[in-house]
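Protein chains in written order, with the working numbering: chain B, 1152 to 1442; chain A, 141 to 381.
C-beta: ideal position from N, C-alpha, C; glycine also.
Here is the structure we will look at, set down as structure tokens.
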């Protein structure tokens, strides 16, 4: 019973990390209809930028905060400019669905190798926010994971506020539902797509930093993160942020229970088996829709 | 108010529009007709900035608006609706209209005013995806009206309506024109509806101007009769044989 409860909690923790990971993917897809195949590497860029600032410290201090801020600014600009100078011209051409996917895939491979050149192949990790753990009943949970969950919940809350109450957020929701409709009521969709990429890259980068603190990172792990994000987003319903959150929590728990009762080797096969069954029964995912 | 000069647009080798020049006066209700594929929707798309013209210019209130983006054209005061009803389907009718009030530019109309004007206040809280065709189209029209457009361009707004709905919709259009002074350009397949609704009209055929003049005289024009009635006769003939 005790190990079961602990597995459940650790599942929810990794689930919330996966949710953060998947959010950036589903935001871009839901609003611009582009599937970002460079997603994992964008998360890695966030993680490596934060790492630059904390490489000499054992425990996270204000330098990590500075690293996160730099990563946020850098990734927003990267997303905005990337949309403006590459995606925007590509989207005006026929077959843009394929050409944008291939472009992002190519960019991901390019950036992966840039990271490899700069940081080398060795495994790195970002120090935890706070050492030590606490016990609640039978469940043991460490401070770091509590802070991670808090950050993820805060991020989801802020994103919701942004989509509901800001002008840009409302425009994004309108664009997600109907591009021609948004154009005729006076929304500058190219600007909104640019902001969308910037925002999604920021969210993705933060998720990369969190993953870097809980697990580890090397220049190639971005692809594994992306495949996980991909499964979650399809499972939850492409373009649906709530769907992605539910799917991430479900798959996180599945992962922890599979590890507990079978072994860690079974995690991927079980993930994909569930994923394929959902695709066959409900191709639009558990909550198909947009944003 | 609106003027096009020698407007052309080609898609590859196909000339969808060639040298179309016409102008619409302030306060007018102006009709556009023509057989399928004549270039009516292309003309709308070029004027509202969805396609850039291959050549030619578009003027609105004396300013050159050629090549401006759709959102800029909307904020300048040109509203347009689509042949296929386009709404934000998970939003309520009220919120759909509010999108127009929010993003339509400097001075817009509040959603309450639009709901009351279109007499759809009772639908206000319904999600747009649950509406019937007529209410969906009124909602789309409402969102566009909320941007406070001075020129309203309607692409076959009455396609799929029953006779009763057509008459109700025409009444709405006449009120928009008379009470708010909005200039209207309307594409419509059915000539007799257009003749009743508009003072002047143009007819496109294969991307070129076939007729431009008073609506009341359109049926006496030899070329129009040839394209419209002639084609109808041929269809009838084929149907019988």
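Shortest alpha-carbon distance to residue 1321 of chain B belongs to which of B/1306, B/1200, B/1340, B/1247? B/1340
Tell me the DSSP secondary structure of residue 143 of chain A in three-state form. strand
Which residues in the same chain as residue 294 of chain A place their Cβ atom closer than 6 Å to its Cβ, once the five residues preceding and following it in sequence are excluded? 221, 326
In chain B, which residues lie with their C-beta within 7 Å of the C-beta of residue 385 of chain A? Missing from the structure shown is residue 385 of chain A; chain A here goes from 141 to 381 and no further.
Beta carbons nearer than 7 Å to chain B: which residues of the stretch 166–196 of chain A have them? none
Between the CA atoms of residue 1427 of chain B and residue 1306 of chain B - distance to the nearest angstrom: 29 Å
Pull up the distance between the alpha-carbon of residue 1276 of chain B and that of residue 1199 of chain B, whole angstroms please. 9 Å
Partner residues on chain A for residue 1338 of chain B, Cβ-Cβ distance less than 7 Å: 211, 243
Partners in chain B for residue 215 of chain A, counting only beta-carbon separations shorter than 7 Å: 1337
Please report how far the alpha carbon of residue 1134 of chain B lies from the alpha carbon of residue 1190 of chain B, in whole angstroms. Nothing about residue 1134 of chain B can be reported from this structure: the residues present for chain B run from 1152 to 1442 only.
Compile a chain-ordered list of the residues in the stretch 306–335 of chain A whose CB is closer than 7 Å to at least one CB of chain B. none
For residue 226 of chain A, does the three-state DSSP call read helix, strand or coil? coil
For the alpha helix (DSSP H) containing residue 292 of chain A, list its first residue and its last residue. Unbroken run through residue 292 of chain A is the beta strand (DSSP E), 291–295; no alpha helix (DSSP H).
Residue ranges of each alpha helix (DSSP H) run of no fewer than 4 residues wholly in the stretch 242–269 of chain A, ordered along the chain? 251–257
Contacts that residue 1318 of chain B makes with chain A (C-beta to C-beta distance below 9 Å): 242, 243
In whole angstroms, what is the alpha-carbon distance linking residue 1282 of chain B and residue 1381 of chain B? 32 Å
If you measure from the beta carbon of residue 1334 of chain B to each beta carbon in chain A, is any gap under 7 Å? yes
Among residues of its own chain, excluding the 5 on either side of residue 1095 of chain B, which ones have a beta-carbon nearer than 6 Å to its beta-carbon? Since the first residue shown for chain B is 1152 and the last is 1442, residue 1095 of chain B is missing from the structure and cannot be characterised.
Which same chain residues end up closer than 6 Å to residue 196 of chain A when comparing Cβ atoms and leaving out the 5 residues on each side of it in sequence? 145, 146, 147, 148
Under DSSP, the alpha helix (DSSP H) around residue 1291 of chain B begins and ends at which residues? That residue, residue 1291 of chain B, is in no alpha helix (DSSP H); its beta strand (DSSP E) goes 1290–1293.
How big is the Cα-Cα spacing for residue 288 of chain A and residue 166 of chain A? 15 Å
Any chance the stretch 1340–1354 of chain B sits against the stretch 1235–1244 of chain B, with 3 or more Cβ pairs inside 8 Å? yes
Residues of chain A with CB closer than 7 Å to the CB of residue 1325 of chain B, please, in chain order. 228, 239
So, is residue 1273 of chain B buried or exposed, given that buried needs 16 or more other C-beta atoms within 10 angstroms? exposed
For residue 171 of chain A versus residue 180 of chain A, is the C-beta distance shorter than 7 Å? no
By alpha-carbon positions, which one of B/1212, B/1228, B/1436 ends up nearest to residue 1385 of chain B? B/1436
Considering only C-alpha positions, which residue in the set B/1195, B/1285, B/1290 is nearest to residue 1263 of chain B? B/1195
For residue 1154 of chain B, which beta-bridge partners are listed by DSSP? In DSSP, residue 1154 of chain B forms no bridge with anything.
On the CB-based measure, 16 or more other CB atoms within 10 Å of its CB, does residue 227 of chain A come out buried or exposed? buried
Taking residue 150 of chain A as the reference, which of A/335, A/194, A/159 has the closest Cα? A/194
With 7 Å set as the bound, which would you pick, yes or no: does the beta-carbon of residue 1329 of chain B sit closer than that to a beta-carbon of chain A? yes
Buried or exposed: residue 153 of chain A, going by 16 or more other Cβ atoms within 10 Å of its Cβ? exposed
When burial is assigned at 16 or more other CB atoms within 10 Å of the CB, is residue 357 of chain A buried or exposed? exposed
Using only alpha-carbon positions, find the residue among B/1215, B/1421, B/1243 that is nearest to residue 1363 of chain B. B/1215
Does any residue of chain B bring its CB to less than 7 Å from the CB of residue 220 of chain A? yes
Bounding residues of the beta strand (DSSP E) (the contiguous stretch that carries residue 352 of chain A): 348–354
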